[in-house]
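Since the structure comes first, as structure tokens, the remarks are kept for the end.
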Amino acid sequence: MLQIKQSPGKPRPPPVDDNTTQDSPSKINLSSPRNRLGPVVVFIARASNLKDHNYPNAEINSNQMHEYLRSLLIITVAEHRKRFGLLGLRPHKMQTIIQPAHSRVSSLSRVGKYLGMALEEARASKTECIFVLHGWDGWTTDKMTIAELCQQFCDVPFSFHVYANRGTPREFYEVNAHKVNAYFRHMVTLNDPAVVGDRSTALYIRILEALPTLQYAKHYPVLSEAERDALSKYDKRFAGIYEKDELEGPKPEVAKSDAPKPGV
């Protein structure tokens with residue numbers, strides 16, 4: 009079972025060689041970073057396809073979509089600075105992705121290599137790596153993608169700051185990436201104290217489990233009504249997916265008043 013070790017005395021960042029049981033250094037103490045450069049921070053935004061934007065009827069190409077995603081990240085960067093302050097002197101990084109959330113991100117792909125290099129930088133600097141995700145599925149919902157990357161860097165403090173909507177404006181949820189990996193590898197369950205005590209991490213796991221089911225939820229409800237209502241508070245895509253009128257079959261036509269009556 010995953011155990012959480014409490015730092016004695018004054019809170020301080022956890023050692024680099026023991027991260028699956030620790031909270032993010034940025035979450036524990038922002039006032040005294042381990043080095044002046046601070047953590048390696050990567051801002052990530054994803055679109056499922058070239059129509060995944062907020063401009064109805066607009067047709068854009070791949071380059072324009074990446075620019076659109078970068079514009080979202082500029083806002084995310086500003087909001088992250090408001091919430092967490094300046095984490096260090098190290099310049100932040102940005103990564104935009106165009107592919108469905110459930111698709112696997114290969115470690116040999118351009119995106120996979122870029123994210124791997126960010127974690128390598130954190131390892132070399134003996135510091136934390138933070139992926140700031142624009143939305144719960146701002147990177148991927150593929151479990152193997154997340155688990156494989158976490159496993160390669162289990163010695164690096166690794167967390168997600170998810171910028172997601174619970175109304176307006178959005179909020180940041182701090183997620184322990186190594187606890188997510190432990191769950192995906194069946195080392196812990198959602199009932200494990202290490203997960204239960206970490207509300208944002210437990211919520212991230214629940215939403216990542218549920219998001220892939222939305223595409224067929226109207227025809228084959230997977231989530232209970234209680235779970236649907238609970239998750240809809242954190243992502244509007246869960247709201248209204250089981251409306252009764254959408255599940256009912258076509259209604260029979262009402263006979264018109266001037267239609268011929270039987271026997272006439």
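Quick note on numbering: this note's numbering labels position 64 of the sequence shown as 72, and the sequence is numbered without any gaps. Cβ coordinates follow ideal geometry from the N, Cα and C atoms, glycine included.
Grouping DSSP H, G and I as helix and E and B as strand, with all else coil, what is residue i?
i, result
"V170", "strand"
"H194", "coil"
"N189", "helix"
"P108", "coil"
"A218", "helix"
"S208", "helix"
"D237", "helix"
"L77", "helix"
"L94", "coil"
Roughly how many angstroms separate the alpha carbons of residue i and residue j, rounded to a whole number?
i, j, result
"Y212", "W144", "7 Å"
"A185", "K244", "24 Å"
"N199", "D206", "11 Å"
"N69", "Y63", "13 Å"
"V119", "N189", "19 Å"
"H74", "L123", "17 Å"
"N173", "E128", "31 Å"
"A202", "E217", "18 Å"
"S167", "D60", "26 Å"
"I106", "I52", "11 Å"
"E233", "R78", "36 Å"
"N71", "T176", "29 Å"
"M152", "T197", "17 Å"
"H88", "V183", "15 Å"
With DSSP as the reference, please indicate the residues paired to residue i in a beta bridge.
i, result
"K101", "V50"
"Y181", "V170"
"C137", "V48 and F166"
"H142", "Y171"
"A55", "I106"
Check each candidate in the options and name the one with the smallest Cα separation from residue i.
i, options, result
"E235", "I215, P220 and Y224", "I215"
"G46", "F192, K59, R131 and S115", "R131"
"R54", "R118, R44 and T148", "T148"
"G96", "N43, T197, A238 and L141", "N43"
"V85", "S133, L116, N65 and F139", "F139"
"S115", "Y171, C158, M195 and P177", "C158"
"E156", "P177, R89, R193 and K134", "R193"
"H110", "N57, Y171, E67 and K121", "N57"
Can you give the beta carbon distance from residue i to residue j, rounded, assuming they're within the 8 Å contact cut?
i, j, result
"V49", "H100", "5 Å"
"H142", "L80", "5 Å"
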